[in-house]
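Right, here's the structure in full:
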């Protein structure tokens with residue numbers, strides 16, 4: 429799969445998530461992902477600051493990433509499987 433295909437897939441997948449509604453380019457995606465990271469951290473009670481977070485425990489970083497990845501990753505995997513299956517026919 430090409431990088432262009434995967435980027436297109438990423439944008440089609442995130443359009444399904446209310447947290448990413450209206451995202452049309454990479455810059456908007458990165459900004460919204462960063463904002464979402466802080467929202468999740470606040471929601472789960474993990475102190476996250478702008479800039480350096482080297483003192484953050486890996487367990488806490490995993491909790492934040494797991495919440496984000498769970499929402500985005502599941503959709504992405506389903507779409508990749510659909511695309512692969514379509515290429516087999």
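Numbering (the numbering used here), first residue to last: 429 to 517.
Positions of the beta carbon are idealized from the N, C-alpha and C atoms, including for glycine.
Query - Assigned exposure category for residue 469 - 16 Cβ within 10 Å defines buried - result: Here the question's residue 469 lines up with position 41 in the chain shown. Per the 10 Å Cβ criterion, buried.
Query raised in the report: What are the boundary residues of the alpha helix (DSSP H) that includes residue 478?
Result: Sequence index remark: in the chain shown, residue 478 carries index 50 (1-based). In the DSSP assignment, residue 478 falls outside any alpha helix (DSSP H) and carries neither an H nor an E.
**Report entry** Between the CA atoms of residue 514 and residue 467 - distance to the nearest angstrom
**Finding:** The residue labelled residue 467 in the question sits at position 39 within the chain shown. The residue labelled residue 514 in the question sits at position 86 within the chain shown. Cα-Cα distance, rounded: 36 Å.
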